[in-house]
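For the sequence shown, position 58 (counting from the first letter as 1) is numbered 58 according to UniProt numbering, and the numbering increases by one without interruption.
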Amino acid sequence: MPSSVIKYFSYDEATKTLKIIFVTNMVYLYQNVPVKVYKMLKASGSKGRYFNSNIKDKFKFQKTEEE
């Protein structure tokens with residue numbers, strides 16, 4: 001999953017939480033993310049572009065220190 005913006009991401013289907021670790025090591029937990037959005041992010045050729053268009057500013061999030 002090479003991306004110049006996103007280092008790693010995972011999804012918890014039970015809580016609909018998308019965890020994204022950026023290359024800056026900042027960790028964000030996006031809430032109430034539909035599984036379809038996660039799957040589209042996973043399939044996207046440009047993770048950063050998909051994130052900016054479909055996740056950023058669209059879901060509530062919490063910034064965390066934990067990786």
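Where a beta carbon is used, it is the ideal one built from N, C-alpha and C, also for glycine.
Query, Result
"Measuring alpha carbon to alpha carbon, tell me which residue in Lys63, Tyr11 and Val33 is nearest Ile55.", "Val33"
"Let me know the secondary structure DSSP gives Ser53 once reduced to three states.", "helix"
"Classify Val5 as helix, strand or coil using the three-state DSSP reduction.", "coil"
"Just the Cα atoms here: how many angstroms apart are Tyr30 and Ser44?", "18 Å"
"Buried or exposed for Lys60, please, with buried defined as at least 16 other CB atoms from any protein chain shown within 10 angstroms of its CB.", "exposed"
"Quick check: Val23 and Phe51, are their CB atoms within less than 8 Å of each other?", "no"
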